[in-house]
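J.: Below is a structure I'd like to ask you about.
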(Lines of atoms letter the chains of each structure in order from A and count residues from 1; the text may use other names and numbers.)
(Lines give C-alpha, C1' and ligand atoms only; values in the text may rest on other atoms or scores of the structure.)
Protein backbone atom coordinates (compact mmCIF):
# COMPACT_ATOMS: atom_id res chain seq x y z
CA UNK A 1 0.00 0.00 0.00
CA UNK A 2 1.34 3.44 -0.87
CA UNK A 3 2.76 5.74 1.74
CA UNK A 4 3.62 8.62 -0.61
CA UNK A 5 1.26 11.53 -1.06
CA UNK A 6 0.46 13.75 -3.99
CA UNK A 7 -0.82 17.32 -3.94
CA UNK A 8 -3.07 18.14 -6.86
CA UNK A 9 -5.09 21.15 -7.84
CA UNK A 10 -8.65 21.00 -9.12
CA UNK A 11 -8.82 22.71 -12.48
CA UNK A 12 -12.35 23.86 -11.66
CA UNK A 13 -11.85 25.73 -8.38
CA UNK A 14 -8.03 25.64 -8.14
CA UNK A 15 -8.11 24.32 -4.54
CA UNK A 16 -5.13 22.14 -3.59
CA UNK A 17 -5.88 18.71 -2.13
CA UNK A 18 -3.52 16.03 -0.80
CA UNK A 19 -4.10 12.35 -1.58
CA UNK A 20 -2.11 9.15 -1.46
CA UNK A 21 -0.10 8.38 -4.56
CA UNK A 22 -0.77 5.08 -6.31
CA UNK A 23 0.88 4.36 -9.61
CA UNK A 24 -0.46 1.84 -12.07
CA UNK A 25 -4.21 1.65 -12.50
CA UNK A 26 -5.77 4.73 -14.01
CA UNK A 27 -9.25 3.32 -14.56
CA UNK A 28 -10.82 0.25 -13.04
CA UNK A 29 -14.00 -1.42 -11.89
CA UNK A 30 -14.54 -1.45 -8.13
CA UNK A 31 -15.34 -5.07 -7.25
CA UNK A 32 -15.42 -4.99 -3.45
CA UNK A 33 -14.82 -2.76 -0.44
CA UNK A 34 -13.87 -4.23 2.92
CA UNK A 35 -11.74 -3.54 5.97
CA UNK A 36 -8.72 -5.35 7.38
CA UNK A 37 -7.76 -5.11 11.04
CA UNK A 38 -4.03 -5.28 11.70
CA UNK A 39 -2.45 -4.54 15.06
CA UNK A 40 -5.76 -3.08 16.24
CA UNK A 41 -5.99 -0.60 13.35
CA UNK A 42 -8.74 -0.79 10.74
CA UNK A 43 -7.65 -0.31 7.12
CA UNK A 44 -10.23 0.16 4.32
CA UNK A 45 -9.28 -1.85 1.21
CA UNK A 46 -10.69 -1.97 -2.33
CA UNK A 47 -10.48 -4.84 -4.82
CA UNK A 48 -10.25 -3.27 -8.29
CA UNK A 49 -10.41 -4.87 -11.74
CA UNK A 50 -7.99 -2.73 -13.84
CA UNK A 51 -9.21 -1.26 -17.12
CA UNK A 52 -5.82 -0.23 -18.46
CA UNK A 53 -5.05 -2.85 -21.11
CA UNK A 54 -3.82 -1.63 -24.47
CA UNK A 55 -6.68 -0.60 -26.74
CA UNK A 56 -4.80 -0.52 -30.01
CA UNK A 57 -5.24 2.10 -32.69
CA UNK A 58 -7.93 4.71 -32.07
CA UNK A 59 -10.86 4.58 -34.46
CA UNK A 60 -11.93 7.60 -36.51
CA UNK A 61 -15.06 7.81 -34.32
CA UNK A 62 -12.89 8.01 -31.17
CA UNK A 63 -10.71 10.69 -32.75
CA UNK A 64 -13.61 12.74 -34.10
CA UNK A 65 -15.65 12.71 -30.88
CA UNK A 66 -12.54 12.74 -28.63
CA UNK A 67 -13.58 9.54 -26.85
CA UNK A 68 -11.17 8.08 -24.30
CA UNK A 69 -11.34 4.35 -25.00
CA UNK A 70 -10.20 1.89 -22.33
CA UNK A 71 -10.03 -1.90 -22.18
CA UNK A 72 -10.31 -4.25 -19.25
CA UNK A 73 -7.47 -6.60 -18.39
CA UNK A 74 -8.23 -10.24 -17.51
CA UNK A 75 -10.17 -10.42 -14.22
CA UNK A 76 -7.32 -12.43 -12.65
CA UNK A 77 -5.24 -9.23 -12.74
CA UNK A 78 -7.51 -7.53 -10.17
CA UNK A 79 -5.54 -5.70 -7.47
CA UNK A 80 -5.98 -4.61 -3.86
CA UNK A 81 -5.57 -0.91 -3.03
CA UNK A 82 -5.92 1.21 0.05
CA UNK A 83 -9.21 3.11 -0.25
CA UNK A 84 -7.19 6.18 0.71
CA UNK A 85 -5.26 5.93 -2.58
CA UNK A 86 -8.37 6.41 -4.72
CA UNK A 87 -8.44 10.01 -5.88
CA UNK A 88 -11.73 10.06 -7.80
CA UNK A 89 -14.28 7.88 -9.54
CA UNK A 90 -15.19 7.87 -13.21
CA UNK A 91 -18.30 6.81 -15.07
CA UNK A 92 -17.73 4.32 -17.90
CA UNK A 93 -20.01 3.24 -20.75
CA UNK A 94 -19.55 -0.18 -22.33
CA UNK A 95 -18.68 -0.11 -26.03
CA UNK A 96 -20.93 -2.91 -27.26
CA UNK A 97 -19.08 -3.08 -30.60
CA UNK A 98 -15.93 -4.46 -28.87
CA UNK A 99 -16.22 -6.86 -25.93
CA UNK A 100 -14.35 -5.63 -22.85
CA UNK A 101 -13.93 -2.06 -24.13
CA UNK A 102 -15.37 1.01 -22.44
CA UNK A 103 -15.59 4.74 -23.02
CA UNK A 104 -14.93 7.25 -20.25
CA UNK A 105 -17.89 9.60 -19.76
CA UNK A 106 -16.18 12.95 -19.35
CA UNK A 107 -19.33 15.07 -19.04
CA UNK A 108 -20.20 14.01 -15.47
CA UNK A 109 -18.69 17.15 -13.98
CA UNK A 110 -16.50 20.03 -15.06
CA UNK A 111 -13.39 18.77 -13.27
CA UNK A 112 -13.58 15.36 -15.02
CA UNK A 113 -14.17 17.05 -18.38
CA UNK A 114 -11.12 19.28 -17.95
CA UNK A 115 -8.93 16.42 -16.68
CA UNK A 116 -9.87 14.32 -19.72
CA UNK A 117 -8.95 17.23 -22.01
CA UNK A 118 -5.51 17.33 -20.35
CA UNK A 119 -5.15 13.54 -20.76
CA UNK A 120 -6.06 13.80 -24.47
CA UNK A 121 -3.50 16.55 -24.96
CA UNK A 122 -0.80 14.61 -23.07
CA UNK A 123 -1.52 11.53 -25.19
CA UNK A 124 -1.21 13.59 -28.40
CA UNK A 125 -4.89 13.14 -29.33
CA UNK A 126 -5.50 16.90 -29.69
CA UNK A 127 -3.39 20.00 -30.16
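Residue numbers (the working numbering): 50 to 176.
Built from N, CA and C at the ideal position, the CB exists for glycine as well.
Checking the sheet assignment: what are the DSSP bridge partners for residue 142?
T.: Within the chain shown, numbered from 1, the residue matching residue 142 stands at position 93. In DSSP, residue 142 forms a bridge with 152.
J.: Taking the straight line between their C-alpha atoms, what separation do you get for residue 104 and residue 174?
T.: Reading the chain shown from its first residue, position 55 is the one you call residue 104. Reading the chain shown from its first residue, position 125 is the one you call residue 174. Whole-angstrom Cα-Cα distance: 14 Å.
J.: Whole angstroms is fine: what's the gap from residue 128's alpha carbon to residue 97's?
T.: Taking the first residue of the chain shown as position 1, residue 128 is located at position 79. Taking the first residue of the chain shown as position 1, residue 97 is located at position 48. Each residue's alpha carbon lies about 5 Å from the other.
J.: Exposed or buried, which one is residue 64 when buried takes at least 16 other CB atoms within 10 Å?
T.: The count along the chain shown starts at 1 and reaches residue 64 at position 15. Per the 10 Å Cβ criterion, exposed.
J.: According to DSSP, is residue 118 helix, strand or coil?
T.: Position 69 of the chain shown, counted from the start, is the residue given in the question as residue 118. Residue 118 falls in the strand class under three-state DSSP.
J.: How big is the Cα-Cα spacing for residue 133 and residue 92?
T.: As a first step, residue 133 must be located in the chain shown, where it is residue number 84. As a first step, residue 92 must be located in the chain shown, where it is residue number 43. Roughly 9 Å between the two C-alpha positions.
J.: Taking all protein chains shown into account, do 16 or more other C-beta atoms lie within 10 angstroms of the C-beta of residue 83, making it buried, or fewer, making it exposed?
T.: On the chain shown, residue 83 is found 34 positions in, with the first residue counted as 1. Counting Cβ neighbours within 10 Å, residue 83 comes out exposed, since fewer than 16 surround it.
J.: Which of helix, strand or coil does DSSP assign to residue 94?
T.: Looking up residue 94 in the chain shown gives position 45. Reduced to three states, the DSSP call for residue 94 is strand.
J.: What is the rounded straight-line gap between the Cα of residue 86 and the Cα of residue 135?
T.: Walking along the chain shown from the start, residue 86 turns up at place 37. Walking along the chain shown from the start, residue 135 turns up at place 86. For residue 86 and residue 135, the distance between alpha carbons rounds to 20 Å.
J.: Taking C-alpha atoms, which residue in 161, 152, 160 and 168 lies nearest to residue 121?
T.: Translated into the one-based positions of the chain shown, residue 121 becomes position 72. When only C-alpha atoms are compared, the closest one is 152.
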